[in-house]
Every structure is written in structure tokens, then in C-alpha cells.
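Undergrad: When you line the sequence shown up against this note's numbering, it's residues 161 to 269, in that order.
Ideal Cβ positions, reconstructed from N, Cα and C, are used throughout, including at glycine.
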Amino acid sequence: MTKEAEIQEKLMQMQSLQQRLQVFAAQKQQFQLQQIEIENALKEVSKTKKPVYSLVGEIMIEKPVSSIKKDLQSKKKEVDIKIKNIEIQEKKTRKNADELQKEVTKVLK
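(1) For the putative contact between VAL267 and LEU171, defined by C-beta atoms under 8 Å, what is the C-beta separation to the nearest angstrom?
(2) What is the C-beta distance between ILE243 and GLN168, in whole angstroms, given that I count them as a contact (C-beta under 8 Å)?
(3) Locate the alpha helix (DSSP H) running through GLU199, then write down its first and last residues.
(4) Between which two residues does the beta strand (DSSP E) carrying GLU238 extend?
(5) On the three-state DSSP scale, how would you describe GLU222?
(6) How should ILE246 be labelled, buried or exposed, when 16 other C-beta atoms within 10 angstroms of its C-beta is the threshold for buried?
(7) Suppose the cutoff is 7 Å on Cβ atoms and the five residues either side in sequence are ignored; what does the same chain contact list for GLN261 look like?
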């Protein structure tokens with residue numbers, strides 16, 4: 161493989177890694193928004209003395225506050241896990257991108 165072809169291939173790989181990082185950032189942002197919504201819902205449910213309703217399909221059903229809290233806490237745990245997984249993937253991808261950048265720099269010298 162020629163030096164130019166090798167550089168070109170590594171640059172394409174770096175571009176692919178950058179795109180993956182952008183996707184991870186967008187996904188992470190979506191999950192963080194969900195996390196905020198869930199936390200706000202938990203706060204509101206904790207404050208209320210009135211009946212609490214949950215959407216099931218297109219129907220609203222009255223549920224005990226404890227049941228709603230449990231559901232929200234479960235959803236929050238799921239979102240937290242998803243965010244952590246994305247952060248792990250982001251870290252690995254960044255590391256690969258940094259290594260690739262070093263290789264390109266080395267080849268160019």
C-alpha cells in the first residue's frame with residue numbers, strides 16, 4: 161500500500177469515527193433530556209396529594225403514587241444505564257480516533 165493510500169484510508173477511518181462520535185452525542189443528549197423529564201415527573205409526583213394518572217395506550221388510568229414512582233425510578237435507571245453505555249462507547253471511539261490521528265501525523269512526517 162502506498163503512503164498516500166494509507167493516509168487516505170486512515171483519514172476515512174477518522175471521518176467515520178467522528179461521525180460515530182456525533183451520533184453518540186445526539187443519542188446522549190436525547191437520553192439526558194429523558195432523564196430530566198423523568199426527574200421532574202418524580203418531583204411532581206412526590207409533591208402531589210391528588211390522584212395520579214398514567215397513560216396506557218390512549219387511556220388514562222388512575223394509579224397509586226407509589227406505583228408511578230416505582231415506574232419512573234425504573235425508567236430512570238434504564239436511561240442512566242443507556243447514558244453510561246454511550247459514554248463508554250464514546251470514550252473508546254475517542255481513544256481510537258486519537259490513536260488514528262497520531263498514526264496519520266506519524267506517516268505525514
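TA: Let me lay it out:
(1) The residue given as residue 267 occupies position 107 in the sequence shown. The residue given as residue 171 occupies position 11 in the sequence shown. VAL267 to LEU171, Cβ: 10 Å. No contact.
(2) Mapped onto the sequence shown, residue 243 falls at position 83. Mapped onto the sequence shown, residue 168 falls at position 8. About 35 Å; that fails the 8 Å criterion.
(3) On the sequence shown, residue 199 is found 39 positions in, with the first residue counted as 1. Taken as a continuous stretch (DSSP letters only), the alpha helix (DSSP H) holding GLU199 covers 163-207.
(4) Against the sequence shown, residue 238 aligns to sequence position 78. From DSSP, GLU238 is part of no beta strand (DSSP E) but of the alpha helix (DSSP H) over 225-268.
(5) Sequence index remark: in the sequence shown, residue 222 carries index 62 (1-based). In this structure, GLU222 counts as strand in the three-state DSSP scheme.
(6) Looking up residue 246 in the sequence shown gives position 86. Per the 10 Å Cβ criterion, buried.
(7) Here residue 261 refers to the residue found at position 101 of the sequence shown. If we look at GLN261 and ignore the five residues flanking it on each side, its Cβ neighbours are MET174.
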